[in-house]
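These protein sequence lines are chains V and D, in that order. In terms of the numbering used here, the first sequence is residues 1 to 113. In terms of the numbering used here, the second sequence is residues 114 to 225. Note that the Cβ used here is the ideal one computed from N, Cα and C, for glycine as well.
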Amino acid sequence: SQKIEQNSEALNIQEGKTATLTCNYTNYSPAYLQWYRQDPGRGPVFLLLIRENEKEKRKERLKVTFDTTLKQSLFHITASQPADSATYLCASFRMDSSYKLIFGSGTRLLVRP
Amino acid sequence: DTGVSQNPRHKITKRGQNVTFRCDPISEHNRLYWYRQTLGQGPEFLTYFQNEAQLEKSRLLSDRFSAERPKGSFSTLEIQRTEQGDSAMYLCASSLDQFGYTFGSGTRLTVV
């Protein structure tokens, strides 16, 4: 079955460093991937979308890459700040649906001051 | 417009009771979705509306669950005869297209 997998272990980094989160997908080839941020007790907030023909996408301190050979997307936050601490979710559509977004389980990021 | 609004934010109910949640999407969004999220997991798709039509319903939704979107505006999700396994965060989202959903803050359901 189509799966999106994210590292379930929390990522703990020092303020100012670059955080890199990984999203792997199996058994399908998504046309694009989306990244969301979720704070405790809140709904996910859309951050970035990257298409399969785009190698890299940037938005301020955020960068997303999409490697169709490795079946992987990397999400980078440069010059990380304690306010970046949250859970980050990777998502894509199932191949049989253009609206059934499936999510990974998310990776929690903790940025220490 | 203040985004997607969900009510109530929290609901505690006894097993066997019925509960109903409401979602008010962004007014110009014709697509509306319900998701369920449990601790440590990503949101799971429950159902999708385009305008007032419910186009898909997940196998996760048993016959005890029903959703409506009358007139293509707000939506309600009802759970009948709640069970402890229904305890979760119920998230509503809306969008104009498939690129980037706007989620509400969710309704946290606790069944005791």
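(message) Taking the alpha-carbon of F178 of chain D as reference, which of D:Q119, D:V132 and D:N120 has the nearest alpha-carbon?
(response) D:V132
(request) Check K17 of chain V in the structure and name its three-state DSSP category. (result) coil
(message) Please report the distance separating the alpha-carbon of F66 of chain V from that of S140 of chain D.
(response) Cα to Cα, F66 of chain V sits roughly 33 Å from S140 of chain D.
(request) Have a look at I77 of chain V and E169 of chain D and give me their C-alpha separation to the nearest angstrom. (result) 35 Å
(message) Just verifying my parser: in three-state terms, what is the DSSP assignment at D210 of chain D?
(response) coil
(request) Keeping to the same chain, check which residues put their C-beta closer than 7 Å to that of R61 of chain V; ignore five residues upstream and five downstream. (result) I77, T78 and A79
(message) Contact criterion: CB-CB distance below 8 Å. Does S105 of chain V meet it with respect to chain D?
(response) yes
(message) I need the DSSP call for K59 of chain V, collapsed to helix, strand or coil.
(response) Residue state, collapsed to three classes: strand.
(message) How far does the beta strand (DSSP E) with D137 of chain D in it extend, from its first residue to its last?
(response) V132 to D137
(message) Considering only their Cβ atoms, is the gap separating G213 of chain D from L89 of chain V smaller than 8 Å?
(response) Not a contact, by the Cβ cut-off of 8 Å.
(message) Using the Cβ count rule (16 or more neighbours within 10 Å means buried), how would you classify V225 of chain D?
(response) exposed
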